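Input: a single structure, listed below in structure tokens.
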Amino acid sequence: MNKLILAVAIVLTMHSAFAQVDNKNTNTNQNQNQNPAKDDQNKGKTEQVTTPDEHGQMQNQWTQPTNISNEAVPNGVSRLFLSQYELAQNPQWYQTSEGNYMVSYKDEKDHMESRLTYDKNGKLISTDRQVKDSDVPSNLSQYLSSKYPDQSTQNVFIGQDANGAKTYYVIRGNQLLRFDEKGNMISMEKK
């Protein structure tokens, strides 16, 4: 369970970071989409987990969000979360290196993991939610089945930033795989 929470924390940190970088590089990223099932040159490639530094340059190092107590969360942020997600089970709060607040919880209805990121004023920055295997895009599902046939649960997450852009994430060891809404792999390499 702790590994899953950490994985979701990493995903959300990556999602928030990439949402900021993607806004600067929208045209570049649109040209980098690949279909892993069709592109033999890139089939089977995965990328090292990376995050942008303060200048937007991709780095191989990343910082884990810090686990914090409920009391350390600004009242406006925690009240907003509790008013909208009253069925959240065991919410765990984290603070990112950027000063944002993330909450990880399990949904009482479907027992899927979710994570929300708020700024210090309570503005929702991004959401990440575990996806049921049956809801994973077919391209992504086929790719994961072919590359990781021995892993029955894929633990796929979908992230959505404040602008509504959606990205699928899969963490495999120390690697993060990113996919667009249609299940096409998104390269994290600098061009």
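Anchor point for the sequence shown: position 124 equals 137 in the working numbering, and the numbering is continuous, going up by one each time. Cβ atoms here follow ideal geometry from the backbone N, Cα and C, with glycine treated the same way. Note that the structure is a prediction, hence the values are computed from the model and not measured.
Assign residue 100 to one of two classes, buried (16 or more other C-beta atoms within 10 Å of its C-beta) or exposed (fewer than that).
exposed
Does DSSP put residue 35 in a helix, in a strand, or in coil?
Here the model assigns residue 35 a pLDDT of 41, short of 50, so the residue's position is not dependable and the matter cannot be decided.
Compare the Cα-Cα distances from residue 171 to each of 116, 127, 117 and report the closest residue.
127
Quick check on the DSSP output: what are the complete beta strand (DSSP E) runs of length 3 or more inside the stretch 83-129, in order along the chain?
101-108, 114-120
Please go through the same chain and pick out, in chain order, the residues whose beta-carbon is closer than 8 Å to the beta-carbon of residue 133, but skip the five residues on each side of it.
87, 90, 112, 113, 114
Please report how far the alpha carbon of residue 84 lies from the alpha carbon of residue 116, in whole angstroms.
13 Å
Where the alpha helix (DSSP H) through residue 160 begins and ends:
151-160
Based on DSSP bridge pairs, tell me the residues matched to residue 168.
Answer is none; residue 168 lacks a bridge partner.
Residue 139 - partner residues in DSSP beta bridges
130, 174
Assign residue 205 to buried or exposed, taking buried as 16 or more other Cβ atoms, counted over all protein chains shown, within 10 Å of its Cβ.
Outside the displayed range of the chain (14 to 204) lies residue 205, so it cannot be described from this structure.
Do residue 173 and residue 140 have their CB atoms nearer than 7 Å?
yes
Are there 16 or more other CB atoms within 10 angstroms of the CB of residue 79, so buried, or fewer, so exposed?
exposed
With distances taken between CB atoms, is the gap from residue 102 to residue 119 smaller than 7 Å?
yes
In whole angstroms, give me the CA-to-CA distance for residue 98 and residue 144.
18 Å
To which residues does DSSP link residue 201 through a beta bridge?
The partner list for residue 201 (beta bridge, DSSP) is empty, contrary to what the question assumes.
Alpha carbons only, please: which of 201, 157, 149, 94 is nearest the one belonging to residue 194?
149
Does residue 191 pass the burial test, meaning 16 or more other C-beta atoms within 10 Å, or should it be called exposed?
buried
Residue 153 and residue 181 - do their beta-carbons sit closer together than 7 Å?
yes
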